[in-house]
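Residue numbers for the sequence shown follow this note's numbering, beginning at 2 and rising by one. Below is one structure, written out as C-alpha cells; comments come after it.
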Amino acid sequence: MKKKIYLFTIMLIFIACGGNNDDMLSPNPSNMTGDNTSGDNTSGDNTSGDNTQDDNTSDDNTNSGWLIPFSQVKDGGPGKDGIPSINSPRFVEANDAGANFLEDTDLVIGIIKGGIVRAYPHLILDWHEIVNDSFNQDFVSINYCPLTGTAFGWKSVSNGEKSTFGVSGLLYNANLILYDRNTDSYWSQLKLQCVSGALIGDEPILERIVETNWGTWKALYPTTRVLSLDTGFKRNYDFYPYGDYKTNQGFFLFSVTPTNNELPNKERVYAIIDEHVSKVYQFGKFSGGKAIKELFNGKEYLVVGNENLINSFELNESQLNLNFEYDFTNSEVFFKDDEGNKWSVFGEAIEGPRTGEMLNASKAVVSYWFAIAAFYPNPERYIE
2 MKKKIYLFTI
12 MLIFIACGGN
22 NDDMLSPNPS
32 NMTGDNTSGD
42 NTSGDNTSGD
52 NTQDDNTSDD
62 NTNSGWLIPF
72 SQVKDGGPGK
82 DGIPSINSPR
92 FVEANDAGAN
102 FLEDTDLVIG
112 IIKGGIVRAY
122 PHLILDWHEI
132 VNDSFNQDFV
142 SINYCPLTGT
152 AFGWKSVSNG
162 EKSTFGVSGL
172 LYNANLILYD
182 RNTDSYWSQL
192 KLQCVSGALI
202 GDEPILERIV
212 ETNWGTWKAL
222 YPTTRVLSLD
232 TGFKRNYDFY
242 PYGDYKTNQG
252 FFLFSVTPTN
262 NELPNKERVY
272 AIIDEHVSKV
282 YQFGKFSGGK
292 AIKELFNGKE
302 YLVVGNENLI
312 NSFELNESQL
322 NLNFEYDFTN
332 SEVFFKDDEG
342 NKWSVFGEAI
352 EGPRTGEMLN
362 ASKAVVSYWF
372 AIAAFYPNPE
382 RYIE
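What follows is the structure in C-alpha cells.
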C-alpha cells in the first residue's frame, strides 16, 4: 500500500507540472482520498498510512552549504524547472472577455507598482508558482506555493543584478524552494532567506502585495489588469491539480515539522513575521471590517481588514497617536484616521493632510496554519 500511495503522489505531481506544450491529462479528484488522508490534524509524509512524520533525527544536522536541515529538503518529483515559471506574462483588462475565467470568489495576488495595477490568480499560479514580471524596467518575482498557500513579491535581483527565479523542484517543510538564475542559489520562500549557494544568508527584497478575492480586488482597483490564460503553456487552468488538498486537513504530500493542532491545518490565516517569531490573525475575526493596533515583539502595528483581506503596517513615532478605522465601501479607500486622512490598502494616504505618506509595510503573509506554525513555531494568535 505504501508503494501505491507513493507512486500516486509522484504521478499527481508530474501530471500537475508537466512540460511546456504537452496536452495535459487531468487527475480525477475522486481518486485523491483514501490512505493518503487522515482524520486528525497531524501532518506527515503521505507515503505512510497514518500520516506520521519521517524520522530524520539521525541526520538532522545541517549539511555543509545549507542553512536548513538537509534531511528535510525533499525532492518534489518534477525536477528543476519541471514546474515552469512564467517569464513573459500577458495581461488583460478586468472587463475584457479574456478575464471571464475568473469568479469573484477566486483568490488573486494584487500589486501596484509605478502606477501599474496587476492581479495574479491562484488558479494560474497553482500550475506555475512563479511569474517573473517587469514594471517599467523594475523587475519583480511573484511567487506562490500551492502546498503552503503562501505568496510573496520579491525584487528580481540577485547579487545586485537583474535576475529571474525558477522552481528548483525541492521543498522544505512542504514549501517552495526557488532558485535564482544568476547564481543558481536556492531560496526558501517562507523562511525568506537564501539557504544554499553563492548568496547563502541573503534575504529577498520584498514588494508590497495583498491577497484577496477577485471581486474585492476589482472593487479596490477597477482599472486592474489580470494575468491572462495565454501563458504559453497548455494547462487546464479550470482544474485544481492537487485534488482535495485545500480542504482535507490530513492530506499532505510531504512531511512537516513541527506540527501544531491549535487550528485546522489548512485554515488560511494572516501572519506578521518578525525575525523568528510570528503572530497570526484569523480572517473570521475581521468579519465586517476592523482596524486594531497591536504591540508585537516590541513593535507597534496597525492591522486592518475584513473577512476577505487583511493587511498590516509597522507604525512610526509620528503615527502612534492616530486612531484608525476600517472604511472600505468598494473604492480605493480602505481605512481612515481621526486626523482626516484616508488610506489605501497598501498604506498610502490618498486624501487628507498626510496625502502621499506611506505607512511602513510589515513583513507578513497569508498562509495555511500548518505552514506558518512549522516555520515560526508556537505563533501568537490574535484573540478578540
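All C-beta atoms in this analysis are idealised placements derived from N, C-alpha and C, irrespective of residue type, glycine included. Note that the structure is predicted; figures quoted are calculated from it, not measured.
Legend entry - Neighbourhood of residue 169 by C-beta, 7 angstroms cutoff - its chain only, sequence neighbours within 5 removed: Result list for residue 169: 81, 178, 179, 180 and 187, in chain order.
Inset, instruction - Can you have a look at residue 386 and say buried or exposed, based on whether 16 or more other CB atoms are within 10 angstroms of its CB? - result: Residue 386 lies beyond the range of the chain shown here (2 to 385); nothing can be said about it.
Legend entry - residue 330, buried or exposed, once every other Cβ within 10 Å from all chains shown has been counted against 16: Around the beta-carbon of residue 330, fewer than 16 other beta-carbon atoms lie within 10 Å, marking it exposed.
Inset, instruction - Inspect the beta-carbon positions of residue 208 and residue 278 and report whether they are closer than 7 angstroms. - result: In this structure, residue 208 keeps its C-beta atom at 7 angstroms or more from the C-beta atom of residue 278.
Inset, instruction - In the DSSP assignment, find the unbroken beta strand (DSSP E) run with residue 151 in it and report its ends. - result: Counting along the chain, the beta strand (DSSP E) containing residue 151 begins and ends at 151-156.
Inset, instruction - Compute the Euclidean distance between the alpha carbons of residue 316 and residue 301, then round it to the nearest angstrom. - result: When the Cα atoms are used, residue 316 and residue 301 turn out to be separated by approximately 6 angstroms.
Inset, instruction - Kindly indicate the opening and closing residues of the beta strand (DSSP E) around residue 294. - result: Looking at the DSSP string, the run of the beta strand (DSSP E) that includes residue 294 is 291-297.
Inset, instruction - Would you tell me roughly how many angstroms separate the C-alpha atoms of residue 325 and residue 182, rounded to the nearest one? - result: About 43 angstroms.
Inset, instruction - Quick one: grab the DSSP three-state call for residue 127. - result: It is helical.
Legend entry - Sequence-distant residues of the same chain with beta carbon closer than 7 angstroms to residue 246, five excluded per side: Closer than 7 angstroms at the Cβ level, and outside the excluded window around residue 246, lie 252.
Inset, instruction - Apply the 10 Å Cβ neighbour rule to residue 162 and answer buried if 16 or more other Cβ atoms are within range, or exposed otherwise. - result: With fewer than 16 other Cβ atoms within 10 Å, it is exposed.
Inset, instruction - Could you tell me whether the region 226-235 touches the region 338-349, using the rule of 3 or more Cβ pairs below 8 angstroms? - result: Taking a cut-off of 8 angstroms for Cβ pairs, the region 226-235 and the region 338-349 do not touch, as fewer than three such pairs fall below it.
Legend entry - Neighbour-count burial assignment, residue 259, 16 or more Cβ in a 10 Å radius: Per the 10 Å Cβ criterion, exposed.
Inset, instruction - Output the residue ranges of the beta strand (DSSP E) runs that lie fully inside the region 220-305 and measure 3 residues or longer, sorted by chain position. - result: Listed in chain order, the complete beta strand (DSSP E) runs (minimum 3 residues) inside the region 220-305 are 226-228, 269-275, 278-283 and 291-297.
Legend entry - Own chain partners of residue 147 with C-beta closer than 6 angstroms, once the 5 adjacent residues on each side are dropped: Its chain contains 127 as the residues whose beta carbon lies nearer than 6 angstroms to that of residue 147, once the 5 sequence neighbours on both sides are disregarded; these appear in chain order.
Inset, instruction - Determine the extent of the alpha helix (DSSP H) in which residue 374 is found, giving its start and end residues. - result: Looking at the DSSP string, the run of the alpha helix (DSSP H) that includes residue 374 is 370-376.
Legend entry - Own chain residues within Cβ distance below 6 angstroms of residue 75, not counting five before or after: Excluding sequence neighbours, residue 75 sits near 172 and 255.
Legend entry - Classification of residue 85 by the beta-carbon crowding that lies within 10 angstroms, buried from 16 upward: Buried is the call here.
Inset, instruction - Mark residue 296 as exposed unless 16 or more other C-beta atoms lie within 10 angstroms of its C-beta, in which case mark it buried. - result: By the neighbour-count rule (16 or more Cβ atoms within 10 Å), residue 296 is not buried but exposed.
Legend entry - Nearest to residue 205 (by Cα), restricted to the options 190, 199, 216 and 198: Per the Cα distances, 190.
Inset, instruction - Leaving out five residues on either side along the sequence, give the residues of the same chain with a beta carbon under 6 angstroms from the beta carbon of residue 309. - result: Here the set comprises 213, 214 and 217.
Inset, instruction - Work out the CA separation of residue 145 and residue 328 for me, nearest whole Å. - result: Distance between residue 328 and residue 145, taken at the CA atoms: about 29 angstroms.
Legend entry - Helix, strand or coil at residue 213 according to DSSP, with G and I counted as helix: Judged by DSSP in its simplified three-state form, residue 213 adopts strand.
Legend entry - Length of the line joining the Cα atoms of residue 219 and residue 159: Computed Cα separation, rounded: 33 angstroms.
Legend entry - Proximity of residue 108 and residue 123 at Cβ, strictly below 7 angstroms: Taking 7 angstroms as the cut-off, the beta carbon of residue 108 is found closer than this to the beta carbon of residue 123.
Inset, instruction - Just the C-alpha distance for residue 303 and residue 351, rounded to the nearest angstrom, thanks. - result: Roughly 17 angstroms between the two C-alpha positions.
Inset, instruction - Using the DSSP secondary-structure output, state which residues sit across from residue 120 in a beta bridge. - result: Looking at the DSSP assignment, residue 120 forms a beta bridge with 111 and 227.
Inset, instruction - May I ask you to report which of helix, strand or coil DSSP gives residue 175? - result: Assigned with DSSP and collapsed to three states, residue 175 falls in coil, not helix or strand.
Legend entry - Burial state of residue 28 (16 or more Cβ within 10 Å): Its pLDDT being 24, under 50, residue 28 is placed unreliably in this model, and the coordinates cannot settle the point.
Inset, instruction - Drop a sphere of 10 angstroms on the beta-carbon of residue 356, count the other beta-carbons inside from all chains shown, and report buried for 16 or more, exposed for fewer. - result: By the 10 Å Cβ count, residue 356 comes out exposed.
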